[in-house]
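Some notes on the structure that comes next.
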Amino acid sequence: MSGGMAELRDSGIMLQLAHQAMLTMGLDADAIWQRLGITAEILQDRNLRTPHDAQIIFWGVMEEVSGDPDIGIHLGENMPVYKGQVLQYLFLSSPTFGEGLTRALNYQRLLSDASQASVEVDDHRASILVESASDKVKGLRHLNECMVLGLIRFFQYVTDDQFRPSAIEFTHAAPETVAEHKRVFGCDVQFGCSENRIHFNDQLLALPSLHAEPELLQLHEKLASEHVAKLERQDVVTRVYKVFGEVLETGQVNLDDVAERLDLKPRTLRTRLTEAGTNFNQLLADYRCNLAKRLLSSTDESIDEIVYLTGFSEPSTFYRAFKRWTNQTPVEYRNSRRG
107 MSGGMAELRD SGIMLQLAHQ AMLTMGLDAD AIWQRLGITA EILQDRNLRT
157 PHDAQIIFWG VMEEVSGDPD IGIHLGENMP VYKGQVLQYL FLSSPTFGEG
207 LTRALNYQRL LSDASQASVE VDDHRASILV ESASDKVKGL RHLNECMVLG
257 LIRFFQYVTD DQFRPSAIEF THAAPETVAE HKRVFGCDVQ FGCSENRIHF
307 NDQLLALPSL HAEPELLQLH EKLASEHVAK LERQDVVTRV YKVFGEVLET
357 GQVNLDDVAE RLDLKPRTLR TRLTEAGTNF NQLLADYRCN LAKRLLSSTD
407 ESIDEIVYLT GFSEPSTFYR AFKRWTNQTP VEYRNSRRG
């Protein structure tokens with residue numbers, strides 16, 4: 107990927123909430139994560155951002171493992187409400203629900219780079235338009251249903267259960283039966299619409315927040331801005347990792363070549379990596395280490411092949427680097443993971 111936008115990514119909090127829902131539903135979460143190549147370490151990473159297009163694979167695996175044709179709304183129904191994050195604080199410290207909603211939408215990137223939600227008011231009916239910036243993911247039924255339900259439950263939480271949808275519109279086709287949708291959403295649900303929308307009475311926008319705090323609001327807004335700025339700094343790291351994936355097998359990888367592929371000057375790339383709290387050599391080492399660990403633990407590739415795939419010129423250099431990274435030899439690491 108050169109120049110332009112980084113890959114669309116979602117906050118890892120979504121995986122963590124989904125994990126809790128799987129456990130509540132009695133699903134084999136370990137089997138699901140194993141199928142998806144997600145380890146316990148990845149799940150626990152507070153700064154995790156996952157590729158938005160991976161939603162297609164995630165929901166395919168979820169439906170297959172659960173055997174549930176309505177897995178999207180059932181997972182959403184069992185997810186813990188999104189709490190303890192800066193968007194929740196923005197809502198609660200705003201004077202009204204409407205102002206909290208407007209502020210939170212300004213920072214929706216904290217949840218997903220792909221979400222494009224907006225509020226519209228027309229003739230005493232307000233609605234929230236929920237879109238995905240990814241054409242591949244846009245019509246994904248389970249994601250849309252889970253996301254809309256998650257938003258509704260969050261709105262109910264921050265309004266002390268005052269929020270009630272009056273109607274919901276989905277772009278995907280109607281499933282064979284809609285009984286579960288009527289039960290879970292508790293309102294009219296329409297399918298095959300031009301947009302995904304949550305309709306509600308516009309009087310809710312003026313609903314006062316019981317937790318409004320002007321001074322805290324300023325603090326939370328500053329915190330949200332800092333979080334977004336951090337994500338923007340991390341974008342360059344994501345783009346560099348993507349280039350590593352494309353060129354590592356060709357041998358030597360250096361900053362000048364990576365900068366050229368990103369349409370950046372080497373000095374600019376170096377500066378942006380410093381702003382993100384890292385440097386080129388550290389990123390390359392981290393990428394090689396993570397790739398080597400993944401190949402050793404989840405594939406049967408030979409050590410010689412892994413040496414090649416991680417861009418090392420000879421096995422001895424790879425062995426020394428791997429021992430430095432993990433305090434284990436590649437064979438010891440593979441055996442400990444398989445054990």
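Here the sequence shown stands for residues 107 to 445, where the numbers follow our numbering.
Glycine included, C-beta positions come from ideal geometry on N, C-alpha and C.
Status (buried if at least 16 other CB within 10 Å, exposed otherwise) for residue i
i             : result
glutamine 126 : exposed
proline 436   : buried
lysine 328    : exposed
alanine 280   : exposed
glycine 206   : buried
histidine 326 : buried
threonine 265 : buried
serine 108    : Only weak support exists for where serine 108 lies, its pLDDT of 33 falling under 50; the coordinates are left without a value.
Three-state secondary structure (DSSP) of residue i
i              : result
proline 421    : helix
glutamine 150  : coil
glutamate 282  : coil
methionine 120 : helix
proline 446    : This structure cannot settle anything about residue 446, because the visible part of the chain is limited to 107 through 445.
leucine 323    : helix
serine 218     : strand
isoleucine 234 : strand
aspartate 294  : strand
glycine 109    : Legend: pLDDT at glycine 109 = 36, less than 50; position of this residue unreliable, no value from coordinates given.
isoleucine 144 : coil
arginine 270   : coil
Terminal residues of the alpha helix (DSSP H) in which residue i lies
i              : result
proline 201    : Neither: proline 201 is in no alpha helix (DSSP H) and is coded neither H nor E.
asparagine 307 : Unbroken run through asparagine 307 is the beta strand (DSSP E), 303-307; no alpha helix (DSSP H).
isoleucine 412 : 409-415
alanine 398    : 386-404
alanine 273    : Looking at the DSSP string, alanine 273 is not in any alpha helix (DSSP H); the run it does join, the beta strand (DSSP E), is 273-275.
leucine 257    : 247-264
Where the beta strand (DSSP E) containing residue i begins and where it ends
i           : result
proline 157 : 155-157
valine 225  : 224-228
Residue i versus the options, residue with shortest Cα-Cα distance
i             : options                        : result
histidine 278 : Ala285, Ser300, Leu257, Ile258 : Ser300
serine 238    : Asp159, Asp176, Gly173, Ile258 : Asp159
aspartate 294 : Glu275, Asn302, Ala312         : Glu275
glutamine 262 : Phe291, Glu381, Gly245, Gly143 : Phe291
glycine 190   : Pro157, Ala232, Phe260         : Phe260
leucine 322   : Asp134, Asp308, Glu286, Gln194 : Gln194
proline 372   : Arg430, Asn360, Ala382, Ser442 : Asn360
leucine 142   : Thr130, Leu129, Ile162         : Ile162
lysine 348    : Arg394, Ile304, Thr377         : Arg394
leucine 196   : Leu415, Val171, Leu216, Leu379 : Leu216
arginine 367  : Arg209, Val342, Thr377, Gly173 : Val342
histidine 305 : Arg270, Thr377, Leu370, Ala135 : Arg270
Rounded distance between the beta-carbons of residue j and residue i, thought under 8 Å
i           : j           : result
alanine 223 : leucine 235 : 6 Å
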